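Since the structure comes first, as structure tokens, the remarks are kept for the end.
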Amino acid sequence: NAGVTQTPKFQVLKTGQSMTLQCAQDMNHNSMYWYRQDPGMGLRLIYYSASEGTTDKGEVPNGYNVSRLNKREFSLRLESAAPSQTSVYFCATGQGAIQETQYFGPGTRLLVL
Amino acid sequence: DQQVKQNSPSLSVQEGRISILNCDYTNSMFDYFLWYKKYPAEGPTFLISISSIKDKNEDGRFTVFLNKSAKHLSLHIVPSQPGDSAVYFCAARDSGTYKYIFGTGTRLKVLA
């Protein structure tokens with residue numbers, strides 16, 4: 072079992088370029104999340120999906136879109152990248168239980184020049 | 009406005025001694041608390057959790073204490089080992105929104 076996988080591991084973009092971060096899980100979990108981690112800021116929730124076909128905004132959704140393609144996959148899209156989106160992005164999954172543990176992928180390090 | 013605060017960015021402890029990591033929160037709607045551990049270039053991994061109806065949960069060398077009146081939780085690691093050196097995040101679940109809010113992390117260094 073791979074758990075939670077993220078691609079790419081590292082990406083450099085120029086301001087204004089677009090890209091999609093991919094996340095896939097083989098844990099059969101209902102919930103999926105996208106977080107960003109910045110120095111001194113901890114992890115902040117960008118978007119989440121409680122189940123296939125549903126998505127909701129988190130703390131910092133501006134500049135991002137998401138797609139819950141199926142139960143396994145949850146992608147994060149940057150339509151027009153900005154230097155402020157330079158960060159490490161983590162995908163996570165959860166059982167969808169009331170008190171759930173989240174399982175994180177290894178992260179995607181994004182640099183926007 | 010940070011709802012979950014980890015006021016110590018770093019902590020150094022001698023191997024074999026106790027490590028105490030602290031976390032404070034402001035939102036009384038938080039009902040479930042977790043600690044995650046993160047090594048460099050990896051995603052956070054779950055360590056231990058506690059429900060708001062309890063004041064203590066223990067798992068091996070790790071114990072989490074919750075003081076609801078003070079809105080404070082702490083993670084105790086006894087005895088500390090060099091492999092415990094990592095960044096520790098506390099997280100809290102908002103029972104109204106079901107979202108998890110993370111603290112900024114504390115970097116623990118266990119000295120051999």
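Chains as they are written, first to last, in our numbering: chain U, 72 to 184; chain R, 9 to 120.
For glycine and all other residues, C-beta sits at the position ideal for the given N, C-alpha and C.
Small disclaimer: the values here were computed from a predicted structure and weren't measured.
Q96 (chain U), enclosing beta strand (DSSP E) - first and last residue: Note, Q96 (chain U): beta strand (DSSP E), 90-96.
Inter-residue Cα distance where the pair is S138 (chain U) and A120 (chain R): Rounded to whole angstroms, S138 (chain U) to A120 (chain R) spans 46 Å at the Cα level.
Simplified DSSP state of G113 (chain U), which is helix, strand or coil: G113 (chain U): strand per DSSP, three-state reduction.
C-beta atoms of Y135 (chain U) and L116 (chain U) nearer than 8 Å: At least 8 Å separates the beta-carbon of Y135 (chain U) from that of L116 (chain U).
Sequence-distant residues of the same chain with beta carbon closer than 7 Å to L29 (chain R), five excluded per side: L19, S82, L83, Y96, T114, L116, listed in sequence order.
Residues sharing a beta bridge with L19 (chain R), DSSP: Answer is R:L116, bridged to L19 (chain R).
For A100 (chain R) and S59 (chain R), the rounded distance between their alpha carbons: If you take the alpha carbons of S59 (chain R) and A100 (chain R), they lie about 10 Å apart.
Contacts that F145 (chain U) makes with chain R (C-beta to C-beta distance below 7 Å): Within 7 Å Cβ-Cβ: nothing; F145 (chain U) doesn't reach chain R, min ~15 Å.
Three-state secondary structure assigned by DSSP to G165 (chain U): Note: G165 (chain U) maps to strand in three-state DSSP.
Separation of W105 (chain U) from L147 (chain U), as counted between CA atoms: A straight-line Cα-Cα distance of about 7 Å links L147 (chain U) and W105 (chain U).
Cβ-based contacts, 9 Å cut-off: residues of the segment 57-82 of chain R near chain U: If the cut-off is 9 Å between Cβ atoms, the segment 57-82 of chain R has S57, S59 near chain U.
Near the ligand ZN: V95 (chain R) beta-carbon under 7 Å from a heavy atom: Although the ligand ZN was asked about, the structure shown includes no ligands whatsoever.
Boundaries of the beta strand (DSSP E) in which T53 (chain R) is found, first to last residue: Note, T53 (chain R): beta strand (DSSP E), 53-59.
Interface partners of T112 (chain R) on chain U, CB under 7 Å: Within chain U, the residues near T112 (chain R) are G111, M112, G113.
Proximal residues of chain U, C-beta to C-beta of K107 (chain R) below 7 Å: Result: L116, G129.
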